[in-house]
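Each remark here refers to the structure printed beneath this line.
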Amino acid sequence: MLTPIKYCLDTNVISDFMHGNATVIKNWNTALNDDNLIFIPTIAYYEIVRGLKAAGKTRRLRDFHALYSKFRHLFFDRDSYEVIEKATDIYDQLHRGCQIEDDDIFIAATAIVNDCTLVTANIRHFERVDGLKLANWREN
């Protein structure tokens, strides 16, 4: 039996799924059918809920909570020391060049610490992060 791949979803992938992007949905379902693991990091949860609340989209917020309840979660909590340390390393690595936002640094650190492949449409944005495995589910 093959070792399952662990996927950590960036906010844009969750949004694509919720908006019905056929390629993302196909890749998402393929990952699940192959017994891989899909994780939603706390920071992505925050970004989605923040955006939906700000836009007053209560039905979409309910839909997201139903979706969220079906997947594994990578919490940013009291056990997150290792994620915080990795995030500071990423910040240090990138501060000499083109920085990325703090939310994205924490998503990248969460993926690395939990040995996940980060699924994102922003490959160029994240490819500068050392040790980060990437996938783009907008592609076939």
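Residue numbers (numbering that gives the first Met the number 0): 0 to 139. Yeah, the Cβ is synthetic: ideal placement off N, Cα and C, and Gly gets one too.
Quiz item: So who's on the other strand from residue 116, going by DSSP bridges?
Solution: In the sequence shown, the residue the question calls residue 116 occupies position 117. Answer is 6, 132, bridged to residue 116.
Quiz prompt | contact_flag[the region 50-63, the region 81-88] where n(CB pairs < 8 Å) is 3 or more | solution = no
Quiz prompt | Neighbourhood of residue 10 by C-beta, 7 Å cutoff - its chain only, sequence neighbours within 5 removed | solution = By 1-based counting over the sequence shown, the position of residue 10 is 11. Answer for residue 10: 43, 46, 47, listed in chain order.
Quiz item: What are the boundary residues of the beta strand (DSSP E) that residue 38 is part of?
Solution: Start at 1 with the first residue of the sequence shown, and residue 38 comes out as number 39. Its beta strand (DSSP E) spans residues 36-40.
Quiz prompt | Three-state secondary structure (DSSP) of residue 137 | solution = Counting from one through the sequence shown, the residue named residue 137 turns up at place 138. Here residue 137 sits in coil by DSSP.
Practice problem: My understanding is that residue 105 touches residue 117, with C-beta atoms under 8 Å, so please give their C-beta distance in whole angstroms. | Solution: Within the sequence shown, the letter at position 106 stands for residue 105. Within the sequence shown, the letter at position 118 stands for residue 117. So it is not a contact: roughly 12 Å between Cβ atoms.
Self-check item: Among 91, 22, 6, the one whose alpha carbon lies nearest that of residue 136
Solution: Walking along the sequence shown from the start, residue 136 turns up at place 137. The option with the nearest alpha carbon to residue 136 is 22.
Self-check item: Straight-line Cα distance separating residue 3 from residue 89
Solution: As a first step, residue 89 must be located in the sequence shown, where it is residue number 90. As a first step, residue 3 must be located in the sequence shown, where it is residue number 4. Approximately 26 Å between the Cα atoms of the pair.
Quiz item: Residues bridged to residue 61 by DSSP?
Solution: Along the sequence shown, one-based indexing puts residue 61 at 62. In the DSSP output, where bridge partners are listed per residue, residue 61 has none listed.
Quiz item: Using the C-alpha atoms, what's the distance from residue 37 back to residue 129?
Solution: Translated into positions along the sequence shown, residue 129 becomes position 130. Translated into positions along the sequence shown, residue 37 becomes position 38. One C-alpha to the other measures close to 22 Å.
Quiz item: Considering only residues of the same chain and omitting the five flanking positions on each side of residue 15, which have a CB-CB separation below 8 Å?
Solution: Sequence index remark: in the sequence shown, residue 15 carries index 16 (1-based). The residues are 23, 120, 136, 137.
Quiz item: If we count the other Cβ atoms within 10 Å of its Cβ and call it buried at 16 or more, is residue 77 buried or exposed?
Solution: Locating residue 77 in the sequence shown gives position 78, where the first residue counts as 1. Residue placement at residue 77 cannot be trusted, given a pLDDT of 49 that sits under 50; what the coordinates show is reported in the next sentence. Exposed is the call here.
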